[in-house]
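I have placed the structure first, in the form of structure tokens, so that the comments after it can refer back to it.
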């Protein structure tokens, strides 16, 4: 009885999360120009529009991808030294640096967005796609920093001691012992950053210009003029990407451990 | 490492730290500095050091001739929506996560992938889904009408109750724009975050403790109330606070679901910095006040929590 009740409750919660997503997906099948649910005159024409014929969506999808991949790579590269330093020395400077580097992610993004408008405005590159990439890298640096720290902490120190006794330099130990074991954590950090950047709205909304906009900004802009089913295709693309990426992290990394579950279980 | 190699390494280190700090800290410092600046009518703004923007926030630009609490009201709505939604999310999420952590490792992973995927879903998509569900021409109001639920509500008198709550127009139920829709969507927005944040502390609770309590005759609900809840009180409060800070920045939900007179600071900040009103110093002052408000709530709840633990 208790078992059944808990199953029903969990099922209900899953429904609560999934219904709006399903509604968006179904709306993409609409034949007309307006959003209806259930869809009227179902068709796949909207998918063709989104990926092939409508210039606006193709361009913003490309921008989204450039920003997501570029900023995630940059965030990983920027996070590695801090994570390594923090693990190796754990001194005051590295702790302060790690804390400051996590600030953009921890504080309300709208404040960071306002600051970035001024920052890029002064350097004359507001609305430049480069500024979008760097902004997101700073915003999401906390993610690879976290996964890398979790990974480094789980390394077996006795391997490093053994390497040191056999005369390996720090650089050699890093290349032959630390780096191979850290690959899954590096990849997880990268993909977390990719997915979040892909879906980020408010910061890009602040720093982008009409010259480039991402899918999320483009959707918000069209949302003011009323929904069109084509936007829903964007949503489907994004959800599918997220599910694939997290399934990959779950398959090749240890997802419960990354999210802080007890390792022994 | 030789002395000759040390200098370039050190330079690289300094350059790297400089770059990280420049990107992560300068934007916040700029917001703070510009919040004391001055808007020039018909032009941009100039640096300055005066508190007019802050004065305007609390009592209006025209004080002491007249007084206006418009921006305090925006701040109030920011705090109000965020607090209610984060508490609702954690309250409904806690039993779920507790049950989830009792499943097999494999089942947990599947659930986690599901929630991570919905967690990263952009605010614009979430709002889009709820907008279709709640708007008058499609979604729930249409469903209510089609199924005769509206008529049933009218017959039983509940329709008038809904109207007095602002959830119905003379003809049918209505969810846009209402506080109900705003808070519902914000709760939805942070629900997966609540799962991810409550997962680590709950998954660390050992089954043996639970079994011990059960063998002593406690029912499952009693166990959760008397054993589990006290163990995770700190993470629960922490989760509410994190969600609260996150929701302070909600923008799309407010823009779509809240009535203009019930908008929040994030809307007026955007309007001031990049939107119609264009007053960067005043927008910065509002952003700083939002940050301070968040900090005050965080500090006070931490103090309350520590006092409760003594």
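Residue numbers (the working numbering), protein chains in the order written: chain A, 1 to 265; chain B, 266 to 575.
In this text, a Cβ means the ideal position worked out from N, Cα and C, and glycines have one as well.
At least one beta carbon of chain B lies nearer than 8 Å to the beta carbon of residue 117 (chain A). Taking a contact to require three or more Cβ pairs closer than 8 Å, the stretch 492-512 of chain B and the stretch 320-333 of chain B do not qualify as touching.
Residue 388 (chain B) has a beta carbon lying within less than 8 Å of a beta carbon in chain A. At a cut-off of 8 Å between beta carbons, residue 550 (chain B) makes no contact with chain A.
Taking 8 Å as the threshold, the shortest C-beta distance from residue 67 (chain A) to chain B does not fall below it. Using a Cβ-Cβ distance cut-off of 8 Å, the stretch 68-80 of chain A and the stretch 191-208 of chain A are in contact, since at least three pairs of beta carbons, one from each stretch, lie closer than that value. Note on residue 94 (chain A): 16 or more other CB atoms within 10 angstroms of its CB, so buried under the neighbour-count rule.
Residue range 517-522 is occupied by the alpha helix (DSSP H) that includes residue 519 (chain B). Sequence-distant partners of residue 466 (chain B) (beyond 5 residues in either direction) whose C-beta falls short of 7 Å from its own C-beta, in its chain, are 497 and 500. Of the candidates A:129, A:237 and A:11, A:11 places its Cα closest to the Cα of residue 361 (chain B). Close CB contacts of residue 565 (chain B) within its chain, under the 8 Å cut and outside five residues either way in sequence, are absent. Residues of the stretch 453-468 of chain B with a C-beta less than 8 Å from any C-beta of chain A: 453, 456, 457, 461, 464, 465 and 468, listed in chain order. For residue 409 (chain B), the CB contacts under 8 Å within the same chain, skipping 5 residues up- and downstream, are 415, 418, 437 and 438 in chain order. Along the stretch 243-257 of chain A, going in chain order, the ones with a CB nearer than 7 Å to a CB of chain B are 243, 246, 247, 250, 255 and 256. Across the set A:235, A:212 and A:169, the C-alpha of A:212 shows the shortest separation from the C-alpha of residue 133 (chain A).
Shown here, residue 303 (chain B) sits in a strand according to DSSP, grouped into three states. In this model, residue 296 (chain B) and residue 97 (chain A) are separated by some 21 Å (Cα to Cα). The secondary-structure analysis by DSSP pairs residue 433 (chain B) across a beta bridge with B:438. Contact with chain A is absent for residue 345 (chain B), since none of that chain's Cβ atoms lies less than 8 Å from the residue's Cβ. In this structure residue 390 (chain B) touches residue 235 (chain A) by the C-beta definition: roughly 4 Å separates them, less than 8 Å.
Among the bridge pairs identified by DSSP, residue 311 (chain B) is matched with B:303. Within the same chain, and ignoring the five residues on either side of residue 492 (chain B) in sequence, the residues whose Cβ sits closer than 8 Å to its Cβ are 474, 475, 478 and 483. In this structure the stretch 439-446 of chain B lies against the stretch 384-399 of chain B, because at least three pairs of beta carbons, one per stretch, are closer than 8 Å. Contact between residue 300 (chain B) and residue 549 (chain B) is confirmed by a C-beta separation of about 4 Å, below the 8 Å threshold. Excluding sequence positions up to five before and after residue 312 (chain B), its CB lies within less than 6 Å of the CB of 302, all in the same chain and listed in chain order. Taking C-beta atoms as the reference points, residue 555 (chain B) and residue 343 (chain B) count as a pair closer than 8 Å. Assignment of residue 72 (chain A) by DSSP, reduced to helix, strand and coil, places it in the helix class.
Residue 451 (chain B) and residue 528 (chain B) have their C-alpha atoms roughly 14 Å apart. Counting only the Cα atoms, residue 318 (chain B) lies some 25 Å from residue 524 (chain B).
Residue range 335-366 is occupied by the alpha helix (DSSP H) that includes residue 366 (chain B). Taking a beta-carbon distance threshold of 8 Å, residue 514 (chain B) counts as an interface residue toward chain A. Spanning the alpha carbons of residue 153 (chain A) and residue 346 (chain B) requires a straight line of approximately 38 Å. Cβ neighbours of residue 448 (chain B) within its own chain (closer than 8 Å, five residues either side excluded): 346, 349, 350 and 353.
Collapsing the DSSP output to three states places residue 328 (chain B) in coil. The residue from B:357, B:445, B:411 and B:534 with its alpha-carbon nearest to that of residue 504 (chain B) is B:357. Inclusion of residue 220 (chain A) and residue 517 (chain B) in the CB contact set at 8 Å is warranted, their separation being smaller than that value.
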